[in-house]
Structures are given as structure tokens and as C-alpha cells.
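For the sequence shown, this note's numbering gives the first residue as 1004, with consecutive numbering after it.
Reviewing the structure listed below.
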Amino acid sequence: MSFIGRGRVRLVLFHCSFLALKARSLSTTFIAPEEYRIEGERRLFQGQILDDNFQHSLYIFQDDLTHAYRLHAAVGNGELRRCPVWTAFVSELQMNSDTWIERHSRHRVRVKDLQIFVFCNEYRRKAQIRRHGEFELNFTHSAGDSDSEDAVRVIDVPPAQ
């Protein structure tokens, strides 16, 4: 985690935890869009994935200072829309590897050594883990370019051969 710093990781995890709790609170009536943003990050990508049999929005954020990436899944629809489900930081070791992320089909991407932090008790991360420990992202169908191609392109990874 030294790539983006422990303090930054803790800040992001606290922010996501707080949002998840706030979204599920019976006393919450509204969460303003700006409350979902984290200062110092840019959203590079947003797409829809089928994650543990639920539709989630997958975001790829980049830290403005370190240029490190963060994957973030949120509830895709309903009253909990945008509520954080999980987030994962891409380590420097992963970024320097040619094999940490691979596209396996038009709508499926696998990520090696992804440590996800979960904010939803109902989420079963094991449903996304493949035989060799890779975390699988299953993108829903989209018009034109596949979201999986766009997501992989955002982080500058060549297509599978």
C-alpha cells in the first residue's frame, strides 16, 4: 500500500464505510452527489458489472498525486444506488506486472492478487474468485465497445492474445 500511502488508504476506507452506514441508516433521507466524491481522485471509468448475482456499478479512480488506481463497486440501482459494496487499491507491484489484469472474453476480466475491502455484509466475495485466486469482473452487455475493453484500456493494459 506504500504506493498511495497508508493514510490515504485509511481515509478512503473510512469514507466508504461512513457512506455505506449512512446509506443504510433509517434516518437518512438524502445523500448529496458530492458526498460520494473523494477530494484528490479522478473518475476514469464507470461501467456495469454483475457481481455476486447483483448489478453493480464499477468505477476506476486515479489518485491525482500518485496516479495509483482504485477499483470501486457500488450498488447499481434501487434505493441504495451508489452505496459502496467494495473497493480495492491497485498496488505498485501490480502496476509493474504485465499479468495482474487480463481480459478473458468480451465481457469478462480477471484481476490477480486483488485485495478487496467489503462494506456490505451480504456480499460474498468468494462468488467472484476463480480457481487460481483471480477476482473476476463480469461486465454486462453494452452497445458498441465492451465495458471490459474500456476498463482495461483505461489502465493501459494490452488486450488478451
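We put the beta carbon where it would ideally sit given N, CA and C, even for glycine.
Just so we're clear, the structure is a prediction, and the values are computed from it rather than from any experiment.
Within the DSSP secondary-structure output, Leu1140 pairs in a beta bridge with Val1112.
Closest option to Leu1074, judged by alpha-carbon separation, among Thr1102, Glu1044, Asp1055, Ala1130: Glu1044.
In this structure, the straight-line span from the alpha carbon of Cys1086 to that of Ala1071 is close to 23 Å. A contact between stretches requires three or more CB pairs, one per stretch, nearer than 8 Å, and the region 1088-1095 meets this requirement with the region 1123-1132.
Annotation for Phe1017: the continuous alpha helix (DSSP H) segment containing it runs 1009-1027. When DSSP states are grouped into helix, strand and coil, Ala1071 belongs to the coil group.
Per DSSP, reduced to three states, the secondary structure at Tyr1126 is coil, with no helix or strand assignment.
For Leu1117, the three-state secondary structure derived from DSSP is coil.
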